[in-house]
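FYI, the numbering used here numbers position 52 of the sequence shown as 52, with every residue one higher than the one before it. To start, the structure under review is shown below, and the notes come after it.
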Amino acid sequence: MPDDESEDVGEKEELEDEMTMLEAKVAELEKELQYSQAETANARQRGVRDRAQAIRFGAAGLASRIIPAIDSLEKAIANENSDNEAIANGVKMTLDSLKKALESEGVTILEATGKVFDPTQMEAIATVPVQDGQESGEVVEEIESGYMLHDRVLRPAKVIVTSE
1 MPDDESEDVG
11 EKEELEDEMT
21 MLEAKVAELE
31 KELQYSQAET
41 ANARQRGVRD
51 RAQAIRFGAA
61 GLASRIIPAI
71 DSLEKAIANE
81 NSDNEAIANG
91 VKMTLDSLKK
101 ALESEGVTIL
111 EATGKVFDPT
121 QMEAIATVPV
131 QDGQESGEVV
141 EEIESGYMLH
151 DRVLRPAKVI
161 VTSE
């Protein structure tokens, strides 16, 4: 019988050691889980903050390229002794500067005159009778330029179209 008791004590100690080891492993895994949850929460907060910053400052690149155009206009207007040619040159330089700023952001001007009317990119504001050498539905005049941002229409071109 004493052997049975010593075996029971040995098994008990072995089970207690195993239980202590398992409890330590559980504590370690719980700690890792807490770290992972904290990292996930931080990443989520960083994502929200970064998205908000991108929305808030997304136009900074475009704005920094448009500001020189504004400067050119202000200089053209401020020069009281200037003649009309100087003002016209200032306005032309400003227009060129604005177009370059838009192009650098992926904005392109729709070319409509002489093309077949496309209702996805153009808005017909008037029609005129077909003349010799023209086809029905051809754009004969562009009243207001249209603009695209990559493959999306920002503003349709306002055009006059031939019709029979």
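Glycine included, every Cβ here is placed at the ideal spot set by N, Cα and C. Computed from a prediction, not measured in an experiment: that's the story for all the values here.
Per the coordinates, the alpha-carbon of Asp-8 lies some 56 Å from the alpha-carbon of Arg-46. Among the bridge pairs identified by DSSP, Gly-47 is matched with none. A check of alpha carbon separations from Glu-74 across Thr-94, Arg-44 and Ala-41 identifies Thr-94 as the nearest. Less than 8 Å separates the beta-carbon of Glu-138 from that of Thr-162. For Ile-160, the beta-bridge partners assigned by DSSP are Ala-126 and Glu-141. Under the three-state reduction of DSSP, Thr-120 is assigned to coil, being neither helix nor strand.
With contacts defined by Cβ atoms closer than 8 Å, Pro-68 and Ser-104 do not form a contacting pair. The three-state secondary structure of Gly-146, taken from DSSP, is strand. Between Asp-50 and Glu-11, the alpha-carbon positions lie close to 57 Å from each other. For Gln-131, same chain residues with a beta-carbon under 7 Å away, outside a window of 5 residues either side, do not exist. Closest option to Val-153, judged by alpha-carbon separation, among Glu-18, Ile-66, Ala-63 and Thr-108: Thr-108.
In this chain, the beta strand (DSSP E) harbouring Thr-108 covers 107-110. The residues Pro-156 and Lys-158, in chain order, have a CB closer than 6 Å to that of Glu-123 in the same chain once the five nearest residues on each side in sequence are set aside. Residues Ala-112, Thr-113, Ala-157 and Val-159 of the same chain have their beta carbon placed closer than 6 Å to that of Glu-142, with the five preceding and five following residues left out of the count. Distance between Pro-129 and Ala-54, taken at the CA atoms: about 50 Å.
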